[in-house]
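FYI, the UniProt record's numbering numbers position 512 of the sequence shown as 512, with every residue one higher than the one before it.
Each residue gets a CB set at the ideal place from its N, CA and C atoms; glycine is no exception.
Predicted model only: the values in this text are computed from it and were never measured.
Everything on this sheet refers to the single structure shown next.
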Amino acid sequence: MNDRITWPVQSTLVQLTIRDCTYRTYCVILSNSSNLRIFVMNDCDMNDMNQTVFPSSSNIYHSAKRQRITTDYTALYPQLTSLTIGDCRLGIAQLEFLLSLTPSLVYLKMVSRRSQFDSIFDGNYWEQLISMKLPLLNKFEFLFTYTDKECESCTGITSLILPFQTSFWLDTKHWYVTTDYILPQSKIRLYTIPNNSANHEMGNVTLTGSSTGSIHCLLVPSRENMSNDAEANTMTTLNLSNNKIEDNGARQLADALRDHQTLTILDLSNNKIGNDGAQYLYDVLGGNKTIIELNLSENEIGDKGAQYLADALQNNKTLTSLILGIIDEQNEYRRRKRREEKTYDWEERYLDYRNQIGDKGAEYFANALEMNTTLTTLDLTCNRIGDIGTVYLANVLKKNTSLKTLVLSNQCKENQIGDIGAQHLAYALKQNQTLIVLDVSGNQIGDIGAQYFADALQKNQTLSTLNLELNEIGDNGIQYLNDAGRNSKTLMKLQLEGNLGNNCAVVSAVIQIRNDKTLTKLNLQSKNIDDNQIKYLADTLLGNETIVELDLSKNKIGDVGAQYLYDALKDNKTLTQLDLKGNISSYCNAVGAAVKIRNDKKNSEMWFSSDTIDDNGTKLLADALRNNEMLAKLCLGSNQIGDIGAKYLADLLRINETITELDLSHNQIGDDGAQYLADILKYNTTIAAINLSQNGIGNSGAQYFADVLRDNTTLTRLILSNWSKETNQIDDIGVQYLVDALQNNKTLIQLDLSNNKSSYGAVFGASIRLQNDIVI
Numbered sequence: 001m002n003d004r005i006t007w008p009v010q011s012t013l014v015q016l017t018i019r020d021c022t023y024r025t026y027c028v029i030l031s032n033s034s035n036l037r038i039f040v041m042n043d044c045d046m047n048d049m050n051q052t053v054f055p056s057s058s059n060i061y062h063s064a065k066r067q068r069i070t071t072d073y074t075a076l077y078p079q080l081t082s083l084t085i086g087d088c089r090l091g092i093a094q095l096e097f098l099l100s101l102t103p104s105l106v107y108l109k110m111v112s113r114r115s116q117f118d119s120i121f122d123g124n125y126w127e128q129l130i131s132m133k134l135p136l137l138n139k140f141e142f143l144f145t146y147t148d149k150e151c152e153s154c155t156g157i158t159s160l161i162l163p164f165q166t167s168f169w170l171d172t173k174h175w176y177v178t179t180d181y182i183l184p185q186s187k188i189r190l191y192t193i194p195n196n197s198a199n200h201e202m203g204n205v206t207l208t209g210s211s212t213g214s215i216h217c218l219l220v221p222s223r224e225n226m227s228n229d230a231e232a233n234t235m236t237t238l239n240l241s242n243n244k245i246e247d248n249g250a251r252q253l254a255d256a257l258r259d260h261q262t263l264t265i266l267d268l269s270n271n272k273i274g275n276d277g278a279q280y281l282y283d284v285l286g287g288n289k290t291i292i293e294l295n296l297s298e299n300e301i302g303d304k305g306a307q308y309l310a311d312a313l314q315n316n317k318t319l320t321s322l323i324l325g326i327i328d329e330q331n332e333y334r335r336r337k338r339r340e341e342k343t344y345d346w347e348e349r350y351l352d353y354r355n356q357i358g359d360k361g362a363e364y365f366a367n368a369l370e371m372n373t374t375l376t377t378l379d380l381t382c383n384r385i386g387d388i389g390t391v392y393l394a395n396v397l398k399k400n401t402s403l404k405t406l407v408l409s410n411q412c413k414e415n416q417i418g419d420i421g422a423q424h425l426a427y428a429l430k431q432n433q434t435l436i437v438l439d440v441s442g443n444q445i446g447d448i449g450a451q452y453f454a455d456a457l458q459k460n461q462t463l464s465t466l467n468l469e470l471n472e473i474g475d476n477g478i479q480y481l482n483d484a485g486r487n488s489k490t491l492m493k494l495q496l497e498g499n500l501g502n503n504c505a506v507v508s509a510v511i512q513i514r515n516d517k518t519l520t521k522l523n524l525q526s527k528n529i530d531d532n533q534i535k536y537l538a539d540t541l542l543g544n545e546t547i548v549e550l551d552l553s554k555n556k557i558g559d560v561g562a563q564y565l566y567d568a569l570k571d572n573k574t575l576t577q578l579d580l581k582g583n584i585s586s587y588c589n590a591v592g593a594a595v596k597i598r599n600d601k602k603n604s605e606m607w608f609s610s611d612t613i614d615d616n617g618t619k620l621l622a623d624a625l626r627n628n629e630m631l632a633k634l635c636l637g638s639n640q641i642g643d644i645g646a647k648y649l650a651d652l653l654r655i656n657e658t659i660t661e662l663d664l665s666h667n668q669i670g671d672d673g674a675q676y677l678a679d680i681l682k683y684n685t686t687i688a689a690i691n692l693s694q695n696g697i698g699n700s701g702a703q704y705f706a707d708v709l710r711d712n713t714t715l716t717r718l719i720l721s722n723w724s725k726e727t728n729q730i731d732d733i734g735v736q737y738l739v740d741a742l743q744n745n746k747t748l749i750q751l752d753l754s755n756n757k758s759s760y761g762a763v764f765g766a767s768i769r770l771q772n773d774i775v776i
């Protein structure tokens with residue numbers, strides 16, 4: 001607004017709302033509006049106040065003369081009882097002076113975004129100012145905000161709300177105040193309630209403190225949850241991951257959680273929390289009696305921060321799980337691949353948001369574990385701990401009786417765990433009777449380190465998982481571990497994948513199959529397993545009664561290896577899914593199909609199309625079908641089944657009483673095979689549909705089917721169609737056989753002879769449908 005406002009002398013206006021207002025305009029209006037009671041300014045930017053409050057007398061004279069009105073820039077304006085200031089940008093001294101000009105205010109409303117954390121956030125300041133300058137004020141509404149990314153001046157929400165909990169605010173005035181700390185933006189909001197100006201920022205994680213006494217922490221997805229004190233105070237899980245709250249947010253969170261009595265799980269992963277943030281959390285953990293799981297993975301905590309956390313562990317009696325590593329399941333394959341290729345490129349993407357705990361930090365945690373008796377899980381994945389730090393941790397493991405899981409995988413390439421660290425961990429395992437899971441994958445442990453672990457496994461009776469994946473272990477080391485694992489009764493998982501030895505995947509699988517009696521699914525896809533290795537695995541599967549699904553696809557298994565598996569599983573009754581696709585032998589697919597047919601008693605329909613099953617494989621399927629009394633529909637289309645394979649199936653169908661549909665389309669069955677299948681229709685009274693399209697059947701084959709269809713009363717569909725010149729070649733002679741045979745047949749409703757050599761085969765097939773299918 002122009003400060004040379006034209007305003008009538010002694011205006012009778014009672015209420016006024018203006019967009020923006022300078023100090024001179026404010027004084028001109030109030031000096032000449034003795035009846036004005038309510039003043040609302042939407043934008044208060046009174047930059048002219050310092051020049052106007054104490055101007056020279058000549059300036060006042062000329063200014064008043066130009067406006068032809070009476071103005072006193074320091075006078076009081078007792079007529080005003082209600083003042084609303086929107087977007088107030090006054091300094092604290094300017095604001096105090098402005099309010100002192102209206103001592104009769106009954107209502108004051110103010111909104112201000114502060115560039116400094118000043119006295120406007122201080123309840124004691126307001127209490128003194130109101131008592132002295134605004135004694136009649138009975139309603140005060142405000143919303144003050146401040147953003148401090150550097151955490152240099154703002155206090156915690158508990159300290160911030162404390163001055164608003166005095167008798168003046170709660171008992172005398174009945175003004176209730178709330179403060180929010182919005183974690184991602186490091187923004188503080190202080191406001192009276194109710195306050196329509198303080199709409200909550202949707203989807204942001206907010207810490208809230210109230211002058212009524214409740215301090216709570218909320219994950220707020222909507223406005224309605226803002227006042228849900230009951231839920232906040234009984235909250236047990238808080239996930240603040242990926243919010244980038246940094247050290248400032250950690251400070252505010254620590255302040256809010258100091259007296260929280262129900263929270264048990266706190267996830268602060270990927271938040272750029274550094275050593276200072278760890279110090280704030282130390283203050284919480286030291287006295288907290290409820291939090292049992294704390295996730296600080298993917299942050300920026302170094303040795304100093306580790307010291308704060310370790311010190312907290314010495315006194316904390318509740319925390320059971322502390323995670324300071326990296327959780328990155330989506331990128332697991334890429335990380336493994338690059339680690340195997342020794343490129344280490346995967347580390348680059350973690351440099352900016354992973355913790356940096358080194359040997360010194362490991363020493364701090366080792367010292368803490370000497371005192372702490374409650375922590376069961378310590379995850380230090382992707383830090384900078386080498387042999388020295390590992391020695392500290394190994395030494396404490398010799399006497400610690402609480403830690404069950406220790407994860408030291410994928411340490412930074414500049415400082416990794418080698419054979420020396422492995423030696424000390426192995427020695428500790430000989431004495432430790434508590435640790436269940438030890439993960440040192442992705443380091444530089446070789447054959448010597450593997451031998452140390454093998455020796456330890458001979459004596460250790462508690463370890464169930466030892467992860468040595470992606471190290472430098474060769475065939476000798478793998479053999480050491482294999483021999484040790486063979487005798488262990490407790491080791492359920494020995495993970496060796498990605499090492500230098502050739503038998504890593506199989507040795508790991510064998511130990512797990514042998515010792516884990518609850519194992520039902522095992523995935524060994526793409527492990528480069530060949531016939532020699534599969535024999536070792538097959539021998540282990542003998543007598544197994546728990547595994548239901550086994551994936552061996554995309555390996556290097558040939559005919560010999562497939563036969564090993566088939567022989568080992570011939571008496572197995574539990575394995576229902578054996579995936580052998582993508583190996584070097586087509587016989588593998590037949591073995592997988594045979595196992596499924598024999599053991600899967602729940603499915604009435606099975607498809608094994610395009611599995612390259614030949615005659616030998618068909619024999620396996622036929623043998624398996626003798627033990628399946630549930631299968632009704634069998635699809636073997638697009639394979640390599642010939643006349644001999646058809647005979648195997650025909651022999652089976654002579655005695656089978658469940659299969660009603662058989663699809664053998666797009667195979668290599670000729671007239672001899674057609675004869676085998678046609679003959680079974682003399683005896684089989686169950687099968688209703690046979691599909692032999694796209695085979696090698698000619699007139700003789702058509703005649704065989706014609707002979708049996710004269711008397712057959714069960715077959716309803718026979719498909720003998722042709723799609724190319726190389727397959728079925730039935731001409732008019734073959735069709736005539738079928739015409740003569742089907743004159744009195746009332747059962748067959750579909751005879752497909754399309755695209756054969758006959759000029760009228762398709763027409764005849766259509767006539768059969770018209771004659772017998774009453775549904776048409």
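Just so you know, the alpha carbons of residue 146 and residue 117 end up roughly 7 Å apart. Looking from the CA of residue 531, the closest CA among 541, 487, 518 and 555 belongs to 555.
In the displayed model, residue 437 falls within a strand according to three-state DSSP.
Closest in C-alpha terms to residue 559, from the list 538, 550 and 586, comes 586. Pairing residue 108 with residue 44, the inter-Cα distance amounts to about 14 Å. For residue 27, the uninterrupted alpha helix (DSSP H) segment begins and ends at 23-31. Beta bridge pairing from DSSP links residue 506 with no other residue.
Between the beta-carbon of residue 449 and that of residue 409 there is about 14 Å, and that puts the pair past the 8 Å contact cut. The shortest CA-to-CA distance from residue 431 to any of 413, 400 and 414 is the one to 400. Counting only residues of its own chain and dropping the five nearest sequence neighbours on each side, residue 135 has a CB closer than 8 Å to the CB of 103.
Collapsing the DSSP output to three states places residue 694 in coil. Each of 279, 357, 371 and 669 was checked against the Cα of residue 385, and the nearest Cα belongs to 357. Taking C-beta atoms as the reference points, residue 286 and residue 250 fail to come closer than 8 Å. By a beta-carbon distance limit of 8 Å, residue 375 contacts residue 322. Their separation comes to about 6 Å. Residue 377 is bridged by DSSP to 321 and 405. Counting only residues of its own chain and dropping the five nearest sequence neighbours on each side, residue 96 has a CB closer than 7 Å to the CB of 129.
Collapsing the DSSP output to three states places residue 400 in coil.
Judged by DSSP in its simplified three-state form, residue 109 adopts strand. Annotated three-state conformation of residue 489 is coil, per DSSP. Measuring C-alpha to C-alpha distances from residue 671 to each of 157, 536 and 698 identifies 698 as the nearest. Excluding five sequence positions before and after residue 541, the CB atoms of its chain that fall closer than 6 Å to its own CB belong to 568, given in chain order.
Here the alpha carbon of residue 121 sits roughly 7 Å from the alpha carbon of residue 144. In the structure shown, the three-state DSSP call for residue 736 is helix. Taking C-beta separations shorter than 7 Å and ignoring five residues to either side along the sequence, the partners of residue 5 in its chain run 25 and 28, following chain order.
Looking only at 688, 630 and 314, the smallest Cα-Cα distance to residue 662 is reached by 688. Residue 412 carries a coil assignment under DSSP once its states are collapsed to helix, strand and coil. In the same chain as residue 700, and ignoring 5 residues on each side of it, the C-beta atoms closer than 7 Å to its own belong to 671, in chain order. With contacts defined as CB atoms closer than 8 Å, residue 237 and residue 265 qualify as a contacting pair. Shortest Cα-Cα distance from residue 476 to any of 272, 463, 445 and 395 involves 445. DSSP places residue 382 in no alpha helix (DSSP H); its state is neither H nor E. Here DSSP, grouped into helix, strand and coil, assigns residue 297 to coil. Around the C-beta of residue 673, 16 or more other C-beta atoms lie within 10 Å, and the residue is accordingly described as buried.
When secondary structure is reduced to three states using DSSP, residue 189 falls in the strand class. Residue 97 has no beta-bridge partner at all, per DSSP.
Less than 8 Å divides the Cβ of residue 436 from the Cβ of residue 405.
Following the DSSP letters along the chain, one finds residue 126 inside the alpha helix (DSSP H) bounded by residues 123-133.
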